[in-house]
Amino acid sequence: MNGRATTGAARPAADATRVLVLNSGSSSVKYQLLDMADESRLASGLVERIGEEGGVADHTAALDRAARELKDRGLGLDSPRLAAIGHRVVHGGTRFTAPTLITDEVVEEIRRLVPLAPLHNPANITGITVARELRPDLPQVAVFDTAFHSTVPEAAARYAIDTETADRYGIRRYGFHGTSHAFVSAATAELLGRAPAEVNVIVLHLGNGASASAVRGGVCVDTSMGLTPLEGLVMGTRSGDVDPGVLLHLEREAGMSTDEVDRLLNKRSGLLGLCGDNDMREIGRRMAEGDAAAQLAFDVYVHRLRRYVGAFTAVLGRVDAVVFTAGVGENSAAVREAALRGLEPLGIEMDSVRNAVRASGPRLVSAPSSRVAVAVVPTDEELAIARDTYALALHPPQEVG
Ligand code: ADP
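With positions in the sequence shown counted from 1, the corresponding number in the numbering used here is that position plus 21.
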C-alpha cells in the first residue's frame, strides 16, 4: 500500500475551495465536485454497472473514468483549487463516531470492519486508495454512514441476545443513512426557525433503502436499521423487519443456503418481493388500475412506516416534527398521506392540499393547527459530506503523539 499519510498536509490555499465527494458503492461510483465558497455544484456524475456486462471492469476503472470526465470538463483532479476529497464510508463500527481525516491507520481500521459491511466497505476502501494515489498531497476525509447513530443509548442499540456472543462478533444496532438523518434533522429545525437542540424529530428517509430515526435535540436516540441495513422499514428490494425464525425456517424447511437467504432478503424482498416492482411510481400506476399485488405492497410499506412513527413517538415522548426525505419521501404525497392518516390523537394533522403540491425545497405539509409539524426536506448527503470534509481540511485536529 502507498504509505503516505495525509494528516500532516498543509492547509489549503485561500482559493482552494473545491471539494470532491466520492461515493464508491458496491456496483457504482457517484461523484460530485462542489465549491465550498458558495456551496455550488460544479459537476456530478455516476459510473454504473461496475463488474457487469457493458460496464467498467472494476472500481479502479470506474474512478479513472470519473477522473477523466472531470478533466474533460476542465475540472481535473490536478487542479490547485481542489482543497480536499471526501469519501462516504458505510460502516464505521464503534470505532468511528465522527468524520475522520484519512491516514494509513484509518484505512486499516476501515478494512477491519469489512466483515460488518462485506459489500460496501471494500468498495469504499478502493475509492480511498485510488484517490490517495491520485492526490497524496490532499487531505482526504472519511464520513461514516453509521456515525450519527453512535449516540443511540445501549437500551436501544443492544439486541437481547447473549452479551458475550454479541460483543465477540460486534453484534449491535449501528444504523445507517446517518449523514442524511443528521442533515435532514438539522434542516428541519431550521425550517421551524428553532435551534436543533430544542427540537425532537422523527426522520423518515425513504429511498431505495429506507430508515427511520428518532432525534432528540439534535442527538440520535434510536434508529430502524441495525447491524446491517436490512432491518426496519420495508425497502425497494429489502425485507426490513422479519422474525429471525423466518431465516431458520427457510434453512431447515426450504433447504436454502446462507447465501440464498441473503439474496432473498436483500434483493428479492421488500416492494419487489411483494409485487414485482420496486419503484413507488410504478406501484402507484398499478394501484390506480386496481392491481391487488401493488396495493398489498403499498399497504405493507405504509403499515411498517406507521409502526415506526408510533414507536419513535413513544421513544421521544414529545415530537415536534415528522419529516420525510429521499426519493419516495420527497415525492410521494400518497405515501406521506397514508402513513400519517388518522394520527390526530398523536397531534399529527396533515394538510392534504399542501401535501399534494409538488415542490422541490424544504416545506411544511401539516395543517397550521397541527401540534406536530409534518415536513418534507430534501436530503443532500453529498453537500453534508463536503461540509464535513472542508471543515476538517480547514481545521485539522492536532496530531496526537
Ligand atoms: P437511493 O436510495 O438510491 O439514493 P432515492 O432516494 O433516489 O434512492 O430514491 C429512489 C426511489 O424514489 C425510487 O425507487 C422511487 O421508488 C422513488 N421515487 C422517485 N421519484 C418518485 C416519485 N415522483 N413518486 C414516487 N416515488 C418516487
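Ideal Cβ positions, reconstructed from N, Cα and C, are used throughout, including at glycine.
If you're wondering where the values come from, they're calculated on a predicted model, not measured in any experiment.
Is residue i near ligand 1 - that is, is its Cβ less than 7 Å away from at least one heavy atom of it?
| i | result |
| --- | --- |
| residue 352 | yes |
| residue 230 | yes |
| residue 166 | no |
| residue 347 | yes |
| residue 300 | yes |
| residue 276 | no |
| residue 257 | yes |
Taking C-beta to C-beta, are residue i and residue j nearer than 8 Å?
| i | j | result |
| --- | --- | --- |
| residue 346 | residue 398 | yes |
| residue 386 | residue 223 | no |
| residue 110 | residue 142 | yes |
| residue 42 | residue 148 | no |
| residue 74 | residue 48 | no |
| residue 39 | residue 53 | no |
| residue 395 | residue 367 | no |
| residue 252 | residue 262 | yes |
| residue 81 | residue 205 | no |
| residue 248 | residue 304 | no |
| residue 37 | residue 88 | no |
| residue 383 | residue 160 | no |
| residue 325 | residue 268 | no |
| residue 134 | residue 112 | yes |
| residue 164 | residue 115 | no |
| residue 225 | residue 344 | yes |
| residue 207 | residue 217 | yes |
| residue 152 | residue 118 | no |
| residue 202 | residue 241 | yes |
| residue 146 | residue 132 | yes |
Going by other Cβ atoms of all chains shown within 10 Å of its Cβ, with 16 needed for buried, is residue i buried or exposed?
| i | result |
| --- | --- |
| residue 194 | buried |
| residue 182 | exposed |
| residue 58 | exposed |
| residue 173 | buried |
| residue 34 | exposed |
| residue 24 | Caution is warranted here: a pLDDT of 41 is assigned to residue 24, below 50, making its placement in the model unreliable, and no coordinate value can be reported. |
| residue 407 | buried |
| residue 79 | exposed |
| residue 27 | Note that residue 27 has pLDDT 46, beneath the 50 cutoff, so the model's placement of it is unreliable and the number below is only indicative. Label assigned to residue 27: buried. |
| residue 121 | buried |
| residue 158 | exposed |
| residue 22 | Because the pLDDT at residue 22 is just 39, under 50, the model does not fix this residue reliably, and the value given afterwards should be weighed accordingly. Exposed. |
| residue 409 | buried |
| residue 276 | exposed |
| residue 363 | exposed |
| residue 307 | buried |
| residue 209 | buried |
Quick one: what's got a C-beta closer than 6 Å to residue i's C-beta in the same chain, skipping five residues either side?
| i | result |
| --- | --- |
| residue 2 | No answer is possible for residue 2: it lies beyond the span of the chain, which begins at 22 and ends at 422. |
| residue 341 | 220 and 221 |
| residue 359 | 323 |
| residue 296 | 314, 315 and 318 |
| residue 336 | 235 and 243 |
| residue 287 | 259 |
| residue 419 | none |
| residue 285 | none |
| residue 369 | 361 and 393 |
Sorted by chain position, which residues of the same chain lie with C-beta nearer than 7 Å to residue i's C-beta, five sequence neighbours on each side aside?
| i | result |
| --- | --- |
| residue 376 | 354, 357, 358 and 386 |
| residue 257 | 229, 291, 292, 293 and 299 |
| residue 423 | Residue 423 falls outside the range modelled here, since the chain spans only 22 to 422, and no answer is possible. |
| residue 373 | 358 |
| residue 144 | 45, 46, 47 and 80 |
| residue 94 | 64 |
| residue 56 | 38, 39 and 63 |
| residue 32 | 415 |
| residue 282 | 268, 271 and 272 |
Who are the Cβ neighbours of residue i in its own chain at under 8 Å, not counting the five residues just before and after it?
| i | result |
| --- | --- |
| residue 65 | 51, 52, 53, 54 and 403 |
| residue 237 | 221 and 337 |
| residue 137 | 112, 114, 191, 195, 248 and 249 |
| residue 19 | With the chain covering only 22 through 422, there is no way to say anything about residue 19. |
Any heavy atom of ligand 3 inside 7 Å of the beta-carbon of residue i?
| i | result |
| --- | --- |
| residue 158 | What this structure holds is ligand 1, not ligand 3. |
At the 8 Å Cβ level, is residue i part of the contact set with chain D, yes or no?
| i | result |
| --- | --- |
| residue 191 | In the structure shown, chain D cannot be found, because there is only a single protein chain. |
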